[in-house]
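Enquirer: First, the structure itself, so that you have it in front of you.
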Amino acid sequence: RKVKSARGVFKKSKTSLIMRSVAFGALIVVSSALLVYSFPDGAPVDTCVKPSRANEPNHGQARSQPVHTSPYAFTASSSQYEPGSQITVTIDGSSFKGFFLQARDLDRDSWIGSWAQTDNTNTHPECSAVTHADPYVKQHATLIWNAPPNARGRVYF
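Encoded structure:
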(Lines of atoms letter the chains of each structure in order from A and count residues from 1; the text may use other names and numbers.)
(Lines give C-alpha, C1' and ligand atoms only; values in the text may rest on other atoms or scores of the structure.)
Protein backbone atom coordinates (compact mmCIF):
# COMPACT_ATOMS: atom_id res chain seq x y z
CA ARG A 1 0.00 0.00 0.00
CA LYS A 2 1.37 3.44 -0.97
CA VAL A 3 1.23 6.37 1.41
CA LYS A 4 0.87 9.83 -0.08
CA SER A 5 3.35 12.38 1.03
CA ALA A 6 2.21 15.60 2.61
CA ARG A 7 3.59 17.42 -0.41
CA GLY A 8 1.33 15.49 -2.80
CA VAL A 9 -1.76 16.22 -0.72
CA PHE A 10 -0.82 19.89 -0.57
CA LYS A 11 -0.40 20.09 -4.35
CA LYS A 12 -3.75 18.44 -4.87
CA SER A 13 -5.48 20.83 -2.44
CA LYS A 14 -3.84 23.89 -4.00
CA THR A 15 -4.79 22.78 -7.52
CA SER A 16 -8.34 22.06 -6.41
CA LEU A 17 -8.63 25.49 -4.78
CA ILE A 18 -7.36 27.23 -7.92
CA MET A 19 -9.78 25.29 -10.13
CA ARG A 20 -12.71 26.14 -7.84
CA SER A 21 -11.71 29.82 -7.84
CA VAL A 22 -11.48 29.90 -11.63
CA ALA A 23 -14.84 28.13 -11.96
CA PHE A 24 -16.46 30.53 -9.48
CA GLY A 25 -15.01 33.54 -11.31
CA ALA A 26 -16.29 32.23 -14.64
CA LEU A 27 -19.73 31.67 -13.11
CA ILE A 28 -19.84 35.27 -11.85
CA VAL A 29 -18.83 36.67 -15.26
CA VAL A 30 -21.40 34.57 -17.12
CA SER A 31 -24.12 35.41 -14.59
CA SER A 32 -23.35 39.11 -14.83
CA ALA A 33 -23.47 39.00 -18.61
CA LEU A 34 -26.86 37.29 -18.50
CA LEU A 35 -28.30 39.71 -15.95
CA VAL A 36 -27.14 42.91 -17.64
CA TYR A 37 -29.57 44.10 -20.28
CA SER A 38 -28.85 47.65 -21.34
CA PHE A 39 -29.00 49.97 -24.29
CA PRO A 40 -25.64 51.75 -24.55
CA ASP A 41 -26.72 53.51 -27.77
CA GLY A 42 -30.05 54.68 -26.36
CA ALA A 43 -33.49 53.28 -25.82
CA PRO A 44 -34.93 51.51 -28.88
CA VAL A 45 -37.94 52.97 -30.67
CA ASP A 46 -40.21 50.22 -29.34
CA THR A 47 -39.81 51.78 -25.90
CA CYS A 48 -42.51 54.24 -26.88
CA VAL A 49 -44.70 52.01 -29.01
CA LYS A 50 -45.18 48.87 -26.92
CA PRO A 51 -48.86 48.04 -27.36
CA SER A 52 -49.44 46.58 -23.91
CA ARG A 53 -47.16 48.81 -21.84
CA ALA A 54 -46.76 52.13 -23.61
CA ASN A 55 -44.01 54.33 -22.18
CA GLU A 56 -42.87 51.93 -19.48
CA PRO A 57 -39.14 51.31 -19.18
CA ASN A 58 -37.69 47.81 -19.35
CA HIS A 59 -36.69 47.77 -15.69
CA GLY A 60 -38.47 44.60 -14.62
CA GLN A 61 -40.27 45.03 -11.31
CA ALA A 62 -38.69 48.42 -10.52
CA ARG A 63 -41.12 51.13 -9.50
CA SER A 64 -40.79 54.86 -10.03
CA GLN A 65 -39.71 56.82 -7.00
CA PRO A 66 -41.58 59.92 -5.82
CA VAL A 67 -40.56 63.00 -7.82
CA HIS A 68 -39.52 64.94 -4.70
CA THR A 69 -36.85 62.31 -3.91
CA SER A 70 -35.29 62.33 -7.39
CA PRO A 71 -31.60 63.31 -7.54
CA TYR A 72 -32.27 64.82 -10.98
CA ALA A 73 -33.78 68.12 -12.09
CA PHE A 74 -35.65 68.36 -15.38
CA THR A 75 -36.12 71.94 -16.54
CA ALA A 76 -38.00 73.18 -19.60
CA SER A 77 -37.63 76.76 -20.84
CA SER A 78 -41.40 76.87 -21.43
CA SER A 79 -44.52 74.76 -21.18
CA GLN A 80 -46.27 76.63 -24.02
CA TYR A 81 -45.54 76.18 -27.70
CA GLU A 82 -46.57 77.87 -30.91
CA PRO A 83 -45.76 77.09 -34.54
CA GLY A 84 -42.01 76.83 -35.06
CA SER A 85 -40.96 77.57 -31.47
CA GLN A 86 -38.17 75.71 -29.67
CA ILE A 87 -38.03 74.66 -26.03
CA THR A 88 -34.78 73.81 -24.27
CA VAL A 89 -35.00 70.92 -21.83
CA THR A 90 -32.15 70.23 -19.42
CA ILE A 91 -31.37 67.30 -17.16
CA ASP A 92 -29.05 68.01 -14.23
CA GLY A 93 -28.07 66.16 -11.09
CA SER A 94 -26.36 63.01 -9.96
CA SER A 95 -24.44 60.97 -12.49
CA PHE A 96 -26.52 59.12 -15.07
CA LYS A 97 -25.77 57.11 -18.19
CA GLY A 98 -29.06 57.07 -20.01
CA PHE A 99 -32.30 58.94 -20.52
CA PHE A 100 -35.46 58.77 -22.58
CA LEU A 101 -37.69 61.83 -22.94
CA GLN A 102 -40.88 62.21 -24.89
CA ALA A 103 -42.86 65.36 -25.68
CA ARG A 104 -46.64 65.21 -25.29
CA ASP A 105 -49.40 67.72 -25.82
CA LEU A 106 -50.93 68.37 -22.40
CA ASP A 107 -54.53 68.64 -23.60
CA ARG A 108 -54.55 65.71 -26.04
CA ASP A 109 -51.91 63.51 -24.33
CA SER A 110 -50.48 62.71 -27.75
CA TRP A 111 -46.92 62.75 -29.08
CA ILE A 112 -46.08 66.15 -30.50
CA GLY A 113 -43.18 67.91 -32.22
CA SER A 114 -39.64 66.69 -32.79
CA TRP A 115 -36.22 66.83 -31.17
CA ALA A 116 -33.13 68.48 -32.63
CA GLN A 117 -30.13 66.20 -32.99
CA THR A 118 -27.70 67.40 -30.31
CA ASP A 119 -24.42 66.00 -29.01
CA ASN A 120 -24.68 62.43 -27.80
CA THR A 121 -28.39 61.99 -28.53
CA ASN A 122 -30.52 59.81 -30.76
CA THR A 123 -34.01 60.88 -31.75
CA HIS A 124 -37.15 58.85 -32.42
CA PRO A 125 -39.39 61.03 -34.61
CA GLU A 126 -41.99 58.24 -34.69
CA CYS A 127 -42.99 59.14 -31.13
CA SER A 128 -41.40 62.54 -30.46
CA ALA A 129 -38.69 61.06 -28.22
CA VAL A 130 -35.01 61.60 -27.57
CA THR A 131 -32.55 59.26 -25.86
CA HIS A 132 -28.85 59.00 -25.02
CA ALA A 133 -26.43 57.88 -27.74
CA ASP A 134 -23.52 56.59 -25.66
CA PRO A 135 -22.92 54.63 -22.45
CA TYR A 136 -20.82 57.32 -20.75
CA VAL A 137 -21.56 58.91 -17.39
CA LYS A 138 -23.22 62.31 -17.62
CA GLN A 139 -24.28 64.92 -15.09
CA HIS A 140 -25.95 67.27 -17.55
CA ALA A 141 -27.81 67.04 -20.84
CA THR A 142 -29.26 69.88 -22.92
CA LEU A 143 -31.98 68.91 -25.37
CA ILE A 144 -33.85 71.05 -27.92
CA TRP A 145 -37.50 70.32 -28.72
CA ASN A 146 -39.08 71.74 -31.89
CA ALA A 147 -42.77 72.59 -31.88
CA PRO A 148 -44.85 71.44 -34.85
CA PRO A 149 -45.19 74.00 -37.67
CA ASN A 150 -48.99 74.19 -37.49
CA ALA A 151 -50.08 73.92 -33.85
CA ARG A 152 -49.98 75.70 -30.53
CA GLY A 153 -50.69 74.53 -27.02
CA ARG A 154 -49.12 73.21 -23.84
CA VAL A 155 -46.43 70.55 -23.78
CA TYR A 156 -44.99 68.29 -21.11
CA PHE A 157 -41.94 66.05 -21.18
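Quick note: to get this note's numbering, add 53 to the position in the sequence shown (first position is 1). Ideal placement from N, C-alpha and C gives every residue a C-beta, glycine not left out.
Specify the secondary structure class of D99 as computed by DSSP and reduced to three states.
Expert: If you number the sequence shown from 1, residue 99 lands on position 46. It is helical.
Enquirer: Which runs of the beta strand (DSSP E) at least 3 residues long sit entirely within the region 151-182? Give them in chain order.
Expert: For the region 151-182, whole beta strand (DSSP E) runs of length 3 or above, ordered along the chain, are 153-155, 174-177.
Enquirer: Can you tell me whether R205 is helix, strand or coil according to DSSP?
Expert: The residue you call residue 205 lines up with position 152 of the sequence shown. The answer is coil: DSSP assigns R205 none of H, G, I, E or B.
Enquirer: Taking the alpha carbon of W164 as the reference point, which residue from V190, H193, V142, W198 has its own alpha carbon closest?
Expert: What you label residue 164 is simply residue 111 of the sequence shown in a count that begins at 1. Among V190, H193, V142, W198, the Cα nearest to that of W164 is on W198.
Enquirer: According to DSSP, is V190 helix, strand or coil?
Expert: Indexing the sequence shown from 1 puts residue 190 at position 137. Here V190 sits in coil by DSSP.
Enquirer: Apart from the five residues on each side of it in sequence, which residues of its chain come closer than 8 Å, Cβ to Cβ, to R207?
Expert: In the sequence shown, counting from the first residue as 1, residue 207 sits at position 154. Same-chain partners within the cutoff: S132, Q133, Y134, D158, L159, D160.
Enquirer: Quick one: Cα of H193 to Cα of S123, how far?
Expert: As a working note, residue 193 is residue 140 in the sequence shown. As a working note, residue 123 is residue 70 in the sequence shown. Distance between the alpha carbons of H193 and S123 is about 15 Å.
Enquirer: Cα separation between A129 and T195?
Expert: What you label residue 129 is simply residue 76 of the sequence shown in a count that begins at 1. What you label residue 195 is simply residue 142 of the sequence shown in a count that begins at 1. So the two alpha carbons sit approximately 10 Å from each other.
Enquirer: May I have the straight-line CA-CA distance separating I140 from S167, to the nearest angstrom?
Expert: Translated into positions along the sequence shown, residue 140 becomes position 87. Translated into positions along the sequence shown, residue 167 becomes position 114. Each residue's alpha carbon lies about 11 Å from the other.
Enquirer: Name the one or two DSSP bridge partners that A126 has.
Expert: Here residue 126 is taken as the residue at index 73 of the sequence shown, counted from 1. In DSSP, A126 forms a bridge with D145.
Enquirer: Count the other CB atoms within 10 Å of the CB of A126; is the residue buried (16 or more) or exposed (fewer)?
Expert: Here residue 126 is taken as the residue at index 73 of the sequence shown, counted from 1. Exposed is the call here.
Enquirer: Rounded to whole angstroms, what's the CA-CA distance from F210 to L154? Just pull it up for me.
Expert: Translated into the one-based positions of the sequence shown, residue 210 becomes position 157. Translated into the one-based positions of the sequence shown, residue 154 becomes position 101. C-alpha separation (whole angstroms): 6 Å.
Enquirer: Return the CA-CA distance between S181 and V120, expressed in angstroms with no decimal places.
Expert: In the sequence shown, counting from the first residue as 1, residue 181 sits at position 128. In the sequence shown, counting from the first residue as 1, residue 120 sits at position 67. Distance between the alpha carbons of S181 and V120 is about 23 Å.
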